[in-house]
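First to last, the protein sequences are chains P and X. According to the working numbering, the first sequence is numbered sequentially starting from 748. According to the working numbering, the second sequence is numbered sequentially starting from 748. All C-beta atoms, glycine included, are put in the ideal place defined by N, C-alpha and C. Notes follow once the structure below has been shown.
Number of protein chains: 2
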Amino acid sequence: MSAMQVYSEAQLRSFAEKVFRKIGCSNEDAIQAADVLICADLRGIDSHGVARLSGYVRLHEAERVRTKPDMRVVHETPSTATLDADEALGLVSGPYAMKIAMEKARNVGSGWVAVENSNHFGIAAYHAMMALEEDMIGIAMTNASPLVAPTHSIERMLGTNPMCFAWPAKGHAPFVADLATAAAANGKLEIAQRTGKKIPDTWVQGRNGEVSSDPNELKKGGSLLTLGSTVDNGSHKGYALSAVVDLFSGVLSGANFGPWVPPFVSFLPVQPDLPGKGLGHFFGVLRVDAFRPKEDYFKSMEQWINRFQKAERKDPGVPVIIPGEPEAALQTDRKVNGIPLVEAVVKDLEGLAGKFGLSL
Amino acid sequence: MSAMQVYSEAQLRSFAEKVFRKIGCSNEDAIQAADVLICADLRGIDSHGVARLSGYVRLHEAERVRTKPDMRVVHETPSTATLDADEALGLVSGPYAMKIAMEKARNVGSGWVAVENSNHFGIAAYHAMMALEEDMIGIAMTNASPLVAPTHSIERMLGTNPMCFAWPAKGHAPFVADLATAAAANGKLEIAQRTGKKIPDTWVQGRNGEVSSDPNELKKGGSLLTLGSTVDNGSHKGYALSAVVDLFSGVLSGANFGPWVPPFVSFLPVQPDLPGKGLGHFFGVLRVDAFRPKEDYFKSMEQWINRFQKAERKDPGVPVIIPGEPEAALQTDRKVNGIPLVEAVVKDLEGLAGKFGLSL
């Protein structure tokens, strides 16, 4: 493992805000975009934090992101809306759409917003968790750069297409399930690449569908496998879930879908003859008191968490985890003790500092 | 494989309706309940069709199902509702709840109904697909008898907790993803038991978490594994998805959840000190034209399906499948050529015929 350098939350936040202002974001949008990245770093989703900052800058340089977007609701009912994000950063359009969904939930119990013409939105959990502050359930999903092959295919047709469900809880960290519908997220391959380790032979396949434990297989034309990995173990379920995320994010919104989703990395070209506009997201919000009195809901939720924490362990030393619990613990820790960054990310940020005349 | 006997759809439908009337269902409810079972048999989900008929009868005999239920909406907003199913058959309360969700979607764009105090609802796809007739997206999920262990646990804490998403399409079978969040549904184990075959060692674990390929492991105190099967392959994702289904179906509705969900088999007792009422479901409906003009949606959906059907194959002889396509093809076939039943199911139905003085 390479050496780590530790930065305070405030230091990285301030730096990210400055970079977003440098590429033309309003002060408000820069604060918002930085907040999504810092949230990922605090929660330990290091692949989606400031490590991506230079990627967003490159997308802007490739003229695939508009930093002064004119976002507009183009279709609407009392509980639904479709937002044209005008090529905004997903880090900005995501929270904007969630606010619309929350407003609708306040009014009619639930709110559902599909977003077209957007870009990579960071971690899904940031958006879904916005609902928690008002005792609402938050849902967020997005399609993404095509890297994943459907069952029986060797073509990259889907992104790692995450879905996140955030549930409010009292006296305990909220339940937050944020999962890529691929067997393993790309970030895990990157870690194996850095450390020179092999990966389980159920994460990727070679260009012709060969079994592979090479973390560099994607660079050679291979593809990620869906959750389930093999037909025997339910890869068709992972494919179906990934497809559902694509339908909500792309087909329902008017964005691109499947292999046409514009890649996050700016060096890969956008496909010709696109069927839609940009990349798509989908957000949902449900008020818990649109179903039950709040106190009843919170009592059941507490019972659920307590009971699952006490589930009989396979290994006495390894507890059963409540989704979102480890990330919440890390967030508490990193707010105090800082955010460790690997050397490659520090170099990347120093590059941005040099480019924009900033100090890290 | 044991010999199969083939019955016409009409024959099995009429028989199932009669049985439901015999246990006290109104004519309307008997027709509805039978329709859910026959739909499963037509679509090839044989474990959830008339094979379950005697199970519902036994639940009624154990006084755990009310065949003249007084179902009531106990909480409501313009886009949401909670239904107390009064111990109805889930085969009856499910469609009832979906109709409420569809009515709300007609009015405000989407509708979401949580159901408490219910029973096993058959296949999730039946309910979700009700929305398709009106160009709406249908979602259905339910919690179920605890058989599945969370990651790092050896205790049966969750059901196979299915989720279904049904998307309307024109000129093609609808996209219907109906999946248990366990690595394999219980029905697959039953097939292996009947044929005396081993199962992949990633479906179940032994009582102490041992790796096992014994299809009878559940009878010896073992548990089903979640989708992903192992930590390396993302079993925590399957656990998280199963938990989300449980939260929607149980915690949000006021039904039981986790290990307290009443078992479908009448010979297993209901737990003491239940935290909720009966078993729970959750249904959602979204009008496609609450997001985009219908013709735009259907054009994108057609493009999606056509493109995925053409995805590069791993094996030239094995096509990439659109979720719901094989089931739709089987439905067309079985409507004409009849429904094959294994000997054990035929005997089961003959037993019911004898009990109620009916002929099969």
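Below-8 Å beta-carbon distance, residue i vs any chain X residue
i, result
"P:N963", "no"
"P:M748", "For P:M748, the predicted model reports a pLDDT of 49, less than 50, meaning its position is unreliable and no value from the coordinates is stated."
"P:G856", "yes"
"P:P825", "yes"
"P:D1043", "yes"
"P:A875", "no"
"P:S960", "no"
"P:L759", "no"
"P:L1099", "no"
CB contact below 8 Å: residue i versus chain P
i, result
"X:K1114", "Outside the displayed range of chain X (748 to 1107) lies residue 1114 of chain X, so it cannot be described from this structure."
"X:D833", "no"
"X:F1014", "no"
"X:S892", "no"
"X:T942", "no"
"X:G953", "no"
"X:T829", "yes"
"X:S755", "no"
"X:F922", "yes"
"X:A798", "no"
Contact with chain B by residue i, beta-carbon distance below 8 Å
i, result
"X:A990", "This model lacks chain B altogether; the protein chains it does include are P and X."
Closer than 8 Å at the beta carbon, the chain X residues around residue i
i, result
"P:E902", "A1058, E1059"
Other residues of its chain near residue i: CB distance less than 7 Å, five sequence neighbours each side excluded
i, result
"X:A848", "G858, W859, V860, F1030, G1031, V1032"
"P:P947", "S960"
"P:P1009", "R811, N1003, V1017, G1025, L1026"
"X:A781", "R760, A763, E764, F767"
"P:R1039", "none"
Contact set between residue i and chain P, taken where Cβ atoms lie within less than 7 Å
i, result
"X:L926", "K984, A987"
"X:Q1018", "By Cβ distance, chain P contributes nothing, its closest Cβ being about 11 Å from X:Q1018, past 7 Å."
"X:G1001", "R1039, D1043"
"X:A848", "Within chain P, no residue comes near X:A848; the closest Cβ sits about 11 Å away, beyond 7 Å."
"X:M1048", "V998"
"X:G956", "K1061"
Minimum C-alpha distance to residue i - residue among the options
i, options, result
"X:H919", "X:M751, X:T1079, X:Y754, X:E1090", "X:T1079"
"X:E775", "X:V839, X:E834, X:H822, X:G796", "X:V839"
"X:V978", "X:T898, X:S801, X:E1059, X:P816", "X:T898"
"X:N866", "X:R853, X:E881, X:P842, X:M876", "X:P842"
"X:V855", "X:A871, X:E863, X:M883", "X:M883"
"X:T973", "X:L836, X:L988, X:L784, X:K966", "X:L988"
"P:F922", "P:A932, P:L1077, P:P1070, P:T824", "P:P1070"
"P:A887", "P:C911, P:A878, P:L905", "P:C911"
"X:S900", "X:F1055, X:A878, X:N963, X:H983", "X:H983"
Own chain partners of residue i with C-beta closer than 6 Å, once the 5 adjacent residues on each side are dropped
i, result
"P:A927", "T907, P909"
"P:F762", "L1107"
"X:M748", "In this predicted model, X:M748 has a pLDDT of only 49, less than 50, meaning its place in the structure is not dependable; the value taken from the coordinates is given anyway. Around X:M748: no qualifying Cβ."
"X:V783", "L838, G869, Y873"
"P:A1058", "V1067"
"X:A828", "V820, I847, V860"
"P:G985", "T928, T973, L974, G975"
"X:A1091", "none"
Beta-carbon contacts of residue i that lie in its chain and below 8 Å, excluding the five residues immediately before and after
i, result
"P:E902", "A896, S970, P1006"
"P:L833", "According to the sequence displayed, residue 833 of chain P carries Asp and not Leu. Within the same chain, P:D833 has close Cβ partners R813, P816, D817, M818, R819, N864."
"X:D1036", "D882, Y1044"
"P:L965", "L894, N933, L936, V951, L971"
Neighbouring residues, chain X, relative to residue i (Cβ below 7 Å)
i, result
"P:S976", "N980"
"P:A913", "Going along chain X, no residue has its Cβ under 7 Å from P:A913, so there is no contact; the nearest lies around 10 Å."
Chain X contact residues for residue i, given Cβ-Cβ distances below 9 Å
i, result
"P:R1054", "M904, F1004, G1005, P1006, W1007, P1022"
"P:G1144", "Since the displayed chain P opens at 748 and closes at 1107, residue 1144 of chain P lies outside it and no answer follows."
"P:I1068", "P897, T898, H899, H983, Y986"
"P:A931", "D979, N980, G981"
"P:L879", "By Cβ distance, chain X contributes nothing, its closest Cβ being about 14 Å from P:L879, past 9 Å."
"P:A861", "F1038, R1039"
Amino acids of chain P, ordered along the chain, whose beta-carbon sits closer than 9 Å to that of residue i
i, result
"X:H822", "D1036, A1037, F1038, R1039, P1040"
"X:A1075", "The contacting residues do not exist; X:A1075 stays about 15 Å from chain P at best."
Proximal residues of chain P, C-beta to C-beta of residue i below 8 Å
i, result
"X:P947", "D979, N980"
"X:V1065", "H899"
Residue i: CB within 7 Å of a non-hydrogen atom of the ligand SAM
i, result
"X:N980", "Among the ligands in the structure shown, none appear at all, so the ligand SAM cannot be discussed."
Would you list, in sequence order, the uninterrupted beta strand (DSSP E) runs of no fewer than 3 residues that lie entirely inside the segment 889–941 of chain P? Entirely contained in the segment 889–941 of chain P, the beta strand (DSSP E) runs reaching 3 residues are, in chain order, 909–914, 922–927.
3-residue-minimum beta strand (DSSP E) runs that sit fully inside the segment 827–874 of chain P, ordered along the chain: DSSP runs (the beta strand (DSSP E)) wholly in the segment 827–874 of chain P: 827–831, 857–865.
What are the uninterrupted segments assigned as alpha helix (DSSP H) that are 4 or more residues long and contained completely in the segment 1028–1092 of chain P, given in chain order? You should have 1041–1056, 1072–1084.
Ranges of the alpha helix (DSSP H) found wholly within the segment 959–1027 of chain P, counting only runs of at least 4: As far as the segment 959–1027 of chain P is concerned, its whole alpha helix (DSSP H) runs of at least 4 residues are 982–993.
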